[in-house]
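Here the structure is laid out as structure tokens; the discussion comes afterwards.
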Amino acid sequence: MSDHRRGRRRRWGALHHGITAGLAVFLLLVGSGVSYAAWTRSTTATNTAGAATLGVSTTGFASNVFTFQNHQLSTTGSVTLTNTTVTQSMAVGTYSMTLGYTGDAALAAKLAVAVWPTTAPSGCPAVTTPPGTAVTGSWSTVATTVNPLTGSLAKNATASYCIRVTGAERGELASSTGVLSIQPSVSASLKVGNWIQSAGATTTQKTAWIFPAFGPTPNTWYQIVNQATLNCLDVYSASLTSGTGVIDYTCKTGNAVVDYNQEWSFARSAGDYYDITPRHDQTLRMDAVGSSTMALAAVDVETDNDSRLSQEWQLQAQPGSVYQLVNRNSGLCLQVNDTDVYVDAAEYAQTVCDGSAGQRYALVVKDVTLPSMTIACAPAAGGGVTLGWTGAAIDTYDFQSAPNGGNSWTSIGGAAPGSTAITVLPSSIPGADGQYTARALWLTNLLATTTLWKSTVGGSATLSCSAPATLQCVLTGSGSNTTVVFAFSPTAPQSFKLQVRSTATTWVDMMNGAYYSGTNSVTITGNPPLNLADGAYPVRAVTSGGSTIGTSQLVVSSRGSSANRQLTCS
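So for the sequence shown, numbering that gives the first Met the number 0 puts the first residue at 0; every next one is plus one.
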């Protein structure tokens, strides 16, 4: 009996020592060249039937941070799960891993995440393009729309995944303070038999010195004033030679030709990026020498080349109406380099954005070049007109109207940058019928004017590009069966037919509904049309589209005898 009990205790002890499982998870963020260990949790579970210990060990993960900046918008790391079960059993565990985040939702939505399995986690950063089997999403979606990553792990086996996080465009990571932050998380669990243990870890990913893109006013010449030196960007010695350095020089106070090498314009090239052109030679563009992506590479002016991304710059607005200039190609900020002298002056260079005064600039307007504009008017559907012009709008234009000779201007529409026409409907001009002046404004600058006419016929308002034709009734005979002529003055704008309102609400065709084209008048002779009784009747000219283009009046009179009914105009 005692031997039997001892035997049971030996089997119990084997179970107690044999069901021991461990899980270790490590995160390697190789994109920054530093390795991070992930999990920081260890737990022991026991019960009366035996004991299993699932251990989770890690070091150093929480102290590591990745920062997205204008020049670095992607990081690639890895996560490794290891089954460190301590047991005589060879039972295979099942793991499950999910990703998530806390923090700024806007940033989380803009950071794309790709996860794929690997057997060589140290090589994750060298992968140019994630495989098609990669699980993709953003930090804000991977936890809710991506199924957990699962698999089987034998004792001492590992499962590794690459994790790439990317901001597609620096402007999407911008904020008014220049800083956004999230805390990405990885959660994993391992199941061995009936035992499950979970662990998790977080880190921080944030942005630094990425501000909202700013669009300077086109056709405007600015001085660009460095806020550290209070000097201006200057093309050395007003040189016309490609490759001349951009230097930091005392700001000129005049606006003559000799000052033009300190005046710059911004022309949109793509998206929120601009070519920066010196006024003294408008074939040149501000550029990073050799299209370099290296910090402290010099900045010069070079011949315009649309294929060079280094000639494109983004202005990012910092608080206080100052801006940093970020090179599209390198993601580096423009800054005066006091240690690099171009001939005899400090030269500008590009370097990592840090928000310092030497990277902040004020824009001072020196001059504005108005675009040449002539407005062409054409009829449009709905009784409106189309106002068009040659040359795409350089900015938003505001169109206004006022009664001819008046100064009470009303907005009648806006033209977006790049557009070449707008349509104006009669409802946009709420005033009475008559002649109106329409004008196009850019900011407060008058670009062009034209004349419109508004007329209302039969309750419908119409705009026209020229004085509307009027339909007149002209009496051409005397006596019985007098002849009348309905004629347009000056000319009929298009083909038409005549209708008469025979009752209070009913319009009926005259002359058998015939349309008249190429003629300016219609003659009616003899007995009244449609056997109209004595009285005055409205007459209108109608286009094939149903638009009324003129109204007049026809009078039928018996002159004392029903057999001698006459047509007159009044």
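Glycine is no exception: its CB is placed at the ideal position from the N, C-alpha and C atoms.
Since we're looking at a predicted model, the values are computed, not measured.
{"Asked": "Nearest candidate by alpha-carbon position, reference residue 270, set 255, 313, 450 and 514", "Found": "313"}
{"Asked": "Continuous alpha helix (DSSP H) stretch holding residue 325: start and end", "Found": "Where residue 325 is concerned, there is no enclosing alpha helix (DSSP H), although the beta strand (DSSP E) it sits in stretches over 321 to 326."}
{"Asked": "Span of the beta strand (DSSP E), counted from its first residue to its last, around residue 437", "Found": "433 to 441"}
{"Asked": "Identity of the residue in 153, 225, 360 and 212 nearest residue 191 by Cα", "Found": "153"}
{"Asked": "Boundaries of the alpha helix (DSSP H) in which residue 106 is found, first to last residue", "Found": "104 to 109"}
{"Asked": "Length at least 3, wholly inside the stretch 183 to 268: the beta strand (DSSP E) runs in chain order", "Found": "194 to 201, 203 to 206, 219 to 225, 231 to 234 and 243 to 248"}
{"Asked": "Backbone secondary structure at residue 142 - three-state DSSP", "Found": "helix"}
{"Asked": "Residue 539, enclosing beta strand (DSSP E) - first and last residue", "Found": "534 to 541"}
{"Asked": "Residue ranges of each alpha helix (DSSP H) within the stretch 443 to 507, 4 or longer", "Found": "none"}
{"Asked": "Nearest residue (CA-CA) to residue 133, options 139, 89 and 146", "Found": "146"}
{"Asked": "Residue 114 beta carbon less than 9 Å from that of residue 221", "Found": "no"}
{"Asked": "Assigned secondary structure, residue 133 (DSSP; H/G/I helix, E/B strand, else coil)", "Found": "coil"}
{"Asked": "Residue 372 versus residue 108 - alpha carbon distance", "Found": "43 Å"}
{"Asked": "Residue span of the beta strand (DSSP E) that contains residue 386, given as start and end", "Found": "384 to 387"}
{"Asked": "Per-residue burial, residue 168 [other beta carbons within 10 Å of its own, 16 or more giving buried]", "Found": "exposed"}
{"Asked": "Per-residue burial, residue 285 [other beta carbons within 10 Å of its own, 16 or more giving buried]", "Found": "buried"}
{"Asked": "Bounding residues of the beta strand (DSSP E) (the contiguous stretch that carries residue 161)", "Found": "157 to 166"}
{"Asked": "Residue 29 burial status per 10 Å Cβ neighbour count (16 or more: buried)", "Found": "Reliability fails at residue 29, whose pLDDT of 31 lies under 50, so the model's placement of it is uncertain and no value is given."}
{"Asked": "Same chain, Cβ closer than 8 Å to residue 226, five either side skipped, listed in chain order", "Found": "321, 356, 357, 359, 360 and 361"}
{"Asked": "Neighbourhood of residue 234 by C-beta distance below 7 Å, restricted to the same chain and skipping five residues each side", "Found": "243, 245, 260, 277, 279 and 300"}
{"Asked": "Whole-Å CB distance - residue 390 paired with residue 462, under 8 Å assumed", "Found": "Actually they do not touch by this definition, with Cβ atoms about 24 Å apart."}
{"Asked": "Residue 599, DSSP secondary structure in three states", "Found": "Nothing about residue 599 can be reported from this structure: the residues present for the chain run from 0 to 569 only."}
{"Asked": "Nearest-angstrom Cβ-Cβ length linking residue 401 and residue 435, presumed shorter than 8 Å", "Found": "7 Å"}
{"Asked": "Sequence-distant residues of the same chain with beta carbon closer than 6 Å to residue 151, five excluded per side", "Found": "91 and 93"}
{"Asked": "Of the residues 329, 239 and 139, the one placed nearest residue 352, counting alpha carbons only", "Found": "329"}
{"Asked": "CA-to-CA distance, residue 212 to residue 257, given in whole angstroms", "Found": "32 Å"}
{"Asked": "Limits of the beta strand (DSSP E) - the one that residue 617 falls within", "Found": "Outside the displayed span of the chain (0 to 569) sits residue 617, for which this structure offers no information."}
{"Asked": "Exposed unless 16 or more other CB atoms sit within 10 angstroms - verdict on residue 104", "Found": "exposed"}
{"Asked": "Candidates 173, 566, 531 and 178, of which the one nearest residue 472 by Cα", "Found": "566"}
{"Asked": "From 522, 369 and 465, residue whose alpha carbon lies closest to that of residue 486", "Found": "522"}
{"Asked": "Bridge partners - residue 402, DSSP secondary structure assignment", "Found": "435"}
{"Asked": "Spatial distance of residue 347 from residue 174 (CA atoms)", "Found": "26 Å"}
{"Asked": "DSSP three-state assignment for residue 13, whether helix, strand or coil", "Found": "Low per-residue confidence applies at residue 13: pLDDT is 32, beneath 50, and the placement is therefore not dependable, though the value from the model is reported in the following sentence. Three-state result, residue 13: helix."}
{"Asked": "Cβ-Cβ separation, residue 488 to residue 469 (assumed contact under 8 Å), whole Å", "Found": "5 Å"}
{"Asked": "First and last residue of the uninterrupted beta strand (DSSP E) at residue 312", "Found": "312 to 317"}
{"Asked": "Residue 523: first and last residue of the uninterrupted beta strand (DSSP E) it sits in", "Found": "520 to 523"}
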